[in-house]
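**Student:** For what it's worth, the working numbering labels the leading residue of the sequence shown as 1, then goes sequentially.
Ideal Cβ positions, reconstructed from N, Cα and C, are used throughout, including at glycine.
Predicted, not measured: the structure shown is a model, and the values here were computed from it.
Before I ask anything, here is the structure I am working with.
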Amino acid sequence: MATSNGSRYHCHPILATFVRDYPEQALGVVKHIVTWITDRKAFGPAEINKRCCYLLPNYNIQAFPKELTTLSRVSGQEHKAMCCILLGLIVDILLPGGHSPHHLISAVRAILDFLYLAQYGSHTMATHQLLDNVLQCFHENKDVFVDLDIQSNFNIPKIHSLIHYSSSIALFGTTDNYNTEQLEHLHIDFAKDAYWVTNKKHKFPQMTKWLEH
1 MATSNGSRYH CHPILATFVR DYPEQALGVV KHIVTWITDR KAFGPAEINK
51 RCCYLLPNYN IQAFPKELTT LSRVSGQEHK AMCCILLGLI VDILLPGGHS
101 PHHLISAVRA ILDFLYLAQY GSHTMATHQL LDNVLQCFHE NKDVFVDLDI
151 QSNFNIPKIH SLIHYSSSIA LFGTTDNYNT EQLEHLHIDF AKDAYWVTNK
201 KHKFPQMTKW LEH
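Shown next as structure tokens:
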């Protein structure tokens, strides 16, 4: 497969069962972050939803005219779109009681920086060190969610998995070498598209015949 820097690599999706699978694991962290910042003990759903509705149409970002907190079955593309606007939505909101959101914003920014760094198509020693630094920044500021009584602990598998990204990249190369995104995309061609051309009865022989052509 070709990466963003023009290099070509062998893709090893089977490794994704043992190493960090971007985007499946990393983008799952976004779901937790959105849940935490929209908690009423933080910024609350009403303020976040209102700011989403105020976003003007833009070619570079996806707007969420409906309430962000009411979305269900959020896709990977929608999670990526949330990452583009999340920091801008909360950067000037005060916490309840007029308290400074410095630590909360620092934690959110660190996670977003980590997610973008994790999907680089090539790494240097500098970017590899930066990946470790932003993760350390998140851990230094994450206790704000405990202080706000939003979380009691961070025993969350997807949060824990972030510490293994750096070693996985060092051992196996960039994350586009071993993620499952390519195979999941093939599911559209080999399963969904094939299913819709059947009459929904005795579908498997019809799907197989359609795929053979």
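Can you grab the Cα-Cα spacing for the pair PRO236 / HIS123, in whole Å?
**Tutor:** No answer is possible for residue 236: it lies beyond the span of the chain, which begins at 1 and ends at 213.
**Student:** Can you give me the C-alpha to C-alpha distance between ILE85 and PRO205, rounded to a whole angstrom?
**Tutor:** When rounded, the distance between both Cα atoms is 45 Å.
**Student:** With DSSP as the reference, label LEU15 as helix, strand or coil.
**Tutor:** With a pLDDT of only 49 at LEU15, under the threshold of 50, the placement of this residue in the model should not be trusted; the figure read from the coordinates follows. Three-state DSSP puts LEU15 in a helix.
**Student:** Among GLY88, LYS66, LYS80 and GLY76, which one has its Cα closest to the Cα of ILE214?
**Tutor:** Lying before the first or after the last residue shown, residue 214 is absent from the chain, which here runs from 1 to 213.
**Student:** Where do the ends of the alpha helix (DSSP H) carrying ASP113 lie?
**Tutor:** ASP113 -> alpha helix (DSSP H) spans 102-118.
**Student:** By Cβ distance below 7 Å, which residues in the same chain neighbour TRP210 in space, the five residues on each side in sequence not counted?
**Tutor:** These residues qualify, in order along the chain: ALA194 and VAL197.
**Student:** On the DSSP bridge assignment, give the partners of LEU148 in chain order.
**Tutor:** Per DSSP, none; premise fails for LEU148.
**Student:** Please identify the residue among GLY98, SER75 and ILE111 whose C-alpha is closest to the C-alpha of HIS160.
**Tutor:** Among GLY98, SER75 and ILE111, the Cα nearest to that of HIS160 belongs to ILE111.
**Student:** Using the beta-carbon count (16 or more within 10 Å), is GLN151 buried or exposed?
**Tutor:** Under this definition GLN151 is a buried residue.
**Student:** Under a three-way DSSP split, which group does HIS32 fall into?
**Tutor:** DSSP places HIS32 in helix when its eight states are reduced to three.
**Student:** Under 9 Å between the Cβ atoms of GLY121 and THR174?
**Tutor:** Yes, Cβ-Cβ distance for GLY121 and THR174 is below 9 Å.
**Student:** Taking only the alpha-carbon atoms, compute the straight-line gap between LEU68 and ILE105 and give it to the nearest angstrom.
**Tutor:** Spanning the two alpha carbons is a distance of roughly 19 Å.
**Student:** Assign ILE188 to one of three DSSP states: helix, strand, or coil.
**Tutor:** In the structure shown, ILE188 sits in a helix (DSSP, three-state: H, G or I).
**Student:** Can you tell me the Cα-Cα spacing of HIS139 and ASN199, whole angstroms?
**Tutor:** Going by the C-alpha atoms only, they are around 53 Å apart.
**Student:** Can you check which of these residues, ASP147, LYS31 and PHE172, is closest to SER72 by C-alpha distance?
**Tutor:** The shortest Cα separation from SER72 among ASP147, LYS31 and PHE172 belongs to LYS31.
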